[in-house]
Amino acid sequence: MNDPRYAKLADLLINYSCDLQAGEHILLDLVDVPDEMGVALIRAARKAGGTPLAEVRHSRLNRELVRGTDEAHAKTVRDIELARMKKMQAYLAIRGAHNASESGDVPADKLQMYSKTLRPVLDHRVNKTKWCVLRWPTPSMAQAANMSTEAFEDFYFDVCTMDYRKMAKAMAPLVDRMAKADQVRLVAPGTDLRFSIKGIGAKPCEGTRNIPDGEVFSCPVKDSVEGVIAFNTPTLYSGTKFEGIRLEFKAGKIVKATGSNEKKLNEILDTDAGARYIGEFSLGFNPHIQSPMCDILFDEKIAGSLHFTPGQAYEDCDNGNRSAVHWDMVLIQRPEWGGGEVWFDGELIRKDGRFLPKNLLGLNPEKLR
């Protein structure tokens, strides 16, 4: 049966997030998503005057493909995917894996080789198309969020269809402040980190790239990061869960990385030279997202959070770092998570998860709900 919320979400994704225009091609990349949602997206794209193409995938099949991949296979996939992507003006991915750890037993060297080989597809999509990526609600996601399946579905549609236009207006002053800032200091339990974002710029995330959304990001000058950061949320990377990650930096490079599953953590950070440098720094403020659920598209938007990202930098805010890795690690600074501070050029911008300057008060939860 069709759920009326599908059509509402499809309309937002096609007409706001992807801003699909008449005559444009859009690739709908659907992993473990109900057919009814795919139908709603196709109809919305055609109503907008676009040409939809649909790729339907399943996470168990993807796992098997990568488990047995080799360089020839990966290059063939890259060539086919890149040729298709170059014909798209827009791209929408919805990923609904029933098991978030489905790829957990894929050998690390296979994952690294495959992601490196297919990197040009991701780079073209990110830099040359209008794109948006989101998850699809599943019982495993509800379990990770400590919610019933029905309650999580209600939460999902509430947060994914919130008033992102209102949020976009509220974040404009933060974009301006970050674009003008030089020195940043982050303080929290186990964390004292300094770096520069001078000349890098800032980018608002207002529901046009990810759903749910709610962050403004920049990027450290590559060799400027000094100090230590301790993340207080679990993180999932390539199907493996990590907790208690602590990173030490000298001259921008991660010189020591500790935490659960430490051997695999350092294997990922040794994927290539760029994996031990930072490619993104961001502040998150979605008022509906309060707790981590090991799903980065939600966790990186947690109200009162920040994330710091080993690996590839985005062209929008580029420090020149290149890597097959892009690993968002999240630190929540609300009081119940230990608190914390964010400073720009000696000014306290956010304390215990709440913005303090007058022109940033609109980003606090009670203003955005």
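If you read the sequence shown in our numbering, its first letter stands for residue 68, the second for the next number, and so on.
By construction, the Cβ of each residue, glycine as well, lies at the ideal position given by its N, Cα and C atoms.
On the DSSP letters alone, give me the boundaries of the alpha helix (DSSP H) that Ala211 sits inside. Run containing Ala211: Pro206 to Ala211, per the alpha helix (DSSP H) assignment.
Selection from Pro424, Ala246, Pro279 and Met234 that minimises the alpha carbon distance to Phe224: Answer by Cα proximity: Pro279.
Hey, could you find the ends of the beta strand (DSSP E) Tyr304 is sitting in? Counting along the chain, the beta strand (DSSP E) containing Tyr304 begins and ends at Thr302 to Tyr304.
CA nearest to the CA of Asp395, picked from Gly268, Ser372 and Lys236: Nearest in C-alpha terms to Asp395, of all of Gly268, Ser372 and Lys236, is Ser372.
3-residue-minimum beta strand (DSSP E) runs that sit fully inside the stretch 362–415, ordered along the chain: Counting only runs of 3 or more, we get 372–377, 396–399 and 408–411.
So Cys361 packs on Thr275, CB below 8 Å; how close in whole Å? Cβ atoms of Cys361 and Thr275 stay farther apart than 8 Å, at about 25 Å.
Answer with buried or exposed for Asp96, where buried requires no fewer than 16 other C-beta atoms within 10 angstroms of its C-beta. Buried is the label assigned to Asp96, since at least 16 other Cβ atoms lie within 10 Å of its Cβ.
Would you call Asp99 buried or exposed, if buried means 16 or more other Cβ atoms sit within 10 Å of its Cβ? Around the beta carbon of Asp99, 16 or more other beta carbons sit within 10 angstroms, so the residue counts as buried.
Among Asp70, Leu260 and Val193, the one whose alpha carbon lies nearest that of Asn277: Ranked by Cα distance from Asn277, the options Asp70, Leu260 and Val193 are led by Val193.
Is the CB-CB distance between Leu260 and Gly294 below 8 Å? For Leu260 and Gly294, yes; Cβs fall inside 8 Å.
Do three or more CB pairs link the stretch 168–181 to the stretch 328–342 at distances below 8 Å? Here the stretch 168–181 makes contact with the stretch 328–342; the two share three or more CB pairs at distances below 8 Å.
Distance between Ile93 and Ala218 (C-alpha atoms, nearest Å): Cα to Cα, Ala218 sits roughly 32 Å from Ile93.
Cutoff 6 Å; reference Glu220; Cβ partners in own chain excluding five residues on either side: Once the five neighbours on either side are set aside, the close Cβ partners of Glu220 are Pro204.
Should Asp230 go down as buried or exposed, given a rule of 16 or more other Cβ atoms within 10 Å for buried? Classification for Asp230: exposed.
Okay, do the stretch 105–118 and the stretch 135–144 touch, 3+ Cβ pairs below 8 Å being the bar? They do not touch, by the three-pair rule.
Pick out the complete alpha helix (DSSP H) segments inside the stretch 70–155, 4 residues or longer, and give them in chain order. You should have 71–79, 102–114, 126–134 and 138–152.
Residues bridged to Lys317 by DSSP? Checking the DSSP bridge columns, you'll see Lys317 partnered with Lys320.
Using a Cβ-Cβ cutoff of less than 8 Å, which residues in the same chain neighbour His165 once the five nearest sequence positions on both sides are dropped? Excluding residues within five positions, the ones whose Cβ falls inside 8 Å are Asp99, Ser126, Thr205, Pro206 and Ser207.
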